[in-house]
Ligand SMILES: Nc1ncnc2c1ncn2[C@@H]1O[C@H](COP(=O)(O)OP(=O)(O)OP(=O)(O)O)[C@@H](O)[C@H]1O
Ligand SMILES: [Mg+2]
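Numbering (the working numbering), first residue to last: 92 to 402.
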């Protein structure tokens, strides 16, 4: 879709008989790119602004060799899976930009060697791995509860929309820190798939260290139980000093803290059941006593009155 401004620039060039602008020129005319925000396995992400209204944006560059494409649609158009999934999410969303857990896709450009995604950038926000690092140690149980509760709602919504994110982890979660209650946003749909259209093919798309045991032993996994395993990973990393590693956990080299509340330990252990169908479903997690029950001061509790009041 060519925006009116872009169309004006294009017409101006036609007038002057200049070559039509490249996708990169159109991008540069519309956005100002600034500092690097992160570099993942697939590409680099920069902060920036939309020139027209100073809207904060994140600009994600994905080398074409890392882009997974969808089938060509009836108009002969081929979209990357990341774009297709984000568009589907937006289509089914009733609320506007900034109101739903997944960040919005604002724009995208196909260059020769790479694809550029322009994404909503919530401000102020940090990714959850940074949030944990800033905390200089495990989060308090009550803080982790606020985040898990929102995470379960967010991934349940994805499940209901037939979207399997496949890589839920602290680096792919943003925490908006502007309001009293931290708000969770889901990012990085680069490895996601539509569960009603794609089937498992023996590969694990996601973070290998977080692969569920059924993949490690049999190279199979399904959306629901694999996502619940990854919710467990996020909760584990919020409450422990060490990073999660499925193989180490299965060998009993990583332990669940014994000083957590009984409900919290039960929830973690249930997400980490070896047999996928023994794990709770996302629907069951929504009504699990730990996230649903009001907070009680715990042994590790030094939580701030504002967080306590908001729960
Ligand atoms: N919309 C956004 N707003 C703010 N920061 C973002 C946004 N999108 C990404 N980031 C930052 O950039 C990092 C990398 O982004 P993203 O996870 O989308 O890329 P990736 O290359 O696919 O990562 P990986 O290969 O680890 O999955 C994130 O962990 C986050 O810190
Ligand atoms: Mg990522």
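In this text, a Cβ means the ideal position worked out from N, Cα and C, and glycines have one as well. None of these values were measured; they are calculated from a predicted model.
With 16 other Cβ atoms within 10 Å as the buried cut-off, status of residue 206
The residue you call residue 206 lines up with position 115 of the chain shown. Residue 206 is buried by the Cβ-count criterion.
Under 8 Å: does the beta carbon of residue 198 sit that close to some heavy atom of ligand 1?
On the chain shown, position 107 is the one that residue 198 refers to. Not under cutoff, so the answer is no.
Whole angstroms are fine: how far does the CA of residue 156 sit from the CA of residue 268?
By 1-based counting over the chain shown, the position of residue 268 is 177. By 1-based counting over the chain shown, the position of residue 156 is 65. Their backbone Cα atoms lie some 35 Å apart in a straight line.
Is residue 315 near ligand 2, judged by its Cβ being under 8 Å from some heavy atom?
For the purposes of this step, residue 315 is identified with residue 224 of the chain shown, where counting begins at 1. False, no ligand heavy atom lies under 8 Å from that Cβ.
Of the residues 358, 112, 279 and 128, which one's Cα is nearest the Cα of residue 263?
Counted from its first residue, the chain shown places residue 263 at position 172. Closest by alpha carbon: 279.
Using only alpha-carbon positions, find the residue among 173, 302 and 138 that is nearest to residue 160.
Here residue 160 refers to the residue found at position 69 of the chain shown. Residue 160 has its Cα closest to that of 173, out of 173, 302 and 138.
Ligand 2 and residue 278: does any heavy atom of the ligand fall closer than 8 Å to the residue's C-beta?
Working through the chain shown from its first residue, we reach residue 278 at position 187. The answer is yes for residue 278.
By the three-class DSSP mapping on this structure, what secondary structure does residue 149 have?
Taking the chain shown and counting its residues from 1, the one referred to as residue 149 is at position 58. When secondary structure is reduced to three states using DSSP, residue 149 falls in the strand class.
Backbone secondary structure at residue 357 - three-state DSSP:
By 1-based counting over the chain shown, the position of residue 357 is 266. It is helical.
Mind checking residue 294: buried by the 16 CB within 10 Å criterion, or exposed?
Here residue 294 refers to the residue found at position 203 when the chain shown is read from its first residue. The residue in question, residue 294, is exposed, as its Cβ has fewer than 16 Cβ neighbours within 10 Å.
From the DSSP output, in three-state form, read off residue 166 for me.
For the purposes of this step, residue 166 is identified with residue 75 of the chain shown, where counting begins at 1. Residue 166 falls in the coil class under three-state DSSP.
Less than 8 Å between the CB of residue 144 and some heavy atom of ligand 2, yes or no?
In the chain shown, residue 144 corresponds to position 53, counting from 1. Checking every heavy atom of ligand 2 against the Cβ of residue 144, none is found closer than 8 Å.
Helix, strand or coil for residue 252 per DSSP?
As a working note, residue 252 is residue 161 in the chain shown. Correct three-state label for residue 252: coil.
Given 8 Å as the limit, is there contact between the stretch 220 to 236 and the stretch 297 to 304, that is, 3 or more CB pairs closer than that?
With a cut-off of 8 Å, the stretch 297 to 304 and the stretch 220 to 236 do not count as touching, because too few Cβ pairs lie within range.
State the Cα-Cα distance for the pair residue 272 and residue 302, rounded to the nearest angstrom.
Within the chain shown, residue 272 is the residue found at index 181, counting from 1. Within the chain shown, residue 302 is the residue found at index 211, counting from 1. Near 30 Å, if we compare the C-alpha coordinates of residue 302 and residue 272.
Along the beta strand (DSSP E) that carries residue 225, what are the first and last residues, could you check?
Counting from 1 along the chain shown, the entry for residue 225 is found at position 134. For residue 225, there is no enclosing beta strand (DSSP E); the enclosing alpha helix (DSSP H) has its first and last residue at 219 to 225.
Should residue 262 be counted as a contact of ligand 2 given a C-beta to heavy atom distance under 8 Å?
Counting from one through the chain shown, the residue named residue 262 turns up at place 171. Yes, since a heavy atom of ligand 2 falls inside the 8 Å radius drawn around the Cβ of residue 262.
Taking 9 Å as the cut-off, decide whether the C-beta atoms of residue 381 and residue 354 are in contact.
Within the chain shown, residue 381 is the residue found at index 290, counting from 1. Within the chain shown, residue 354 is the residue found at index 263, counting from 1. In this structure, the beta-carbon distance from residue 381 to residue 354 falls below 9 Å.
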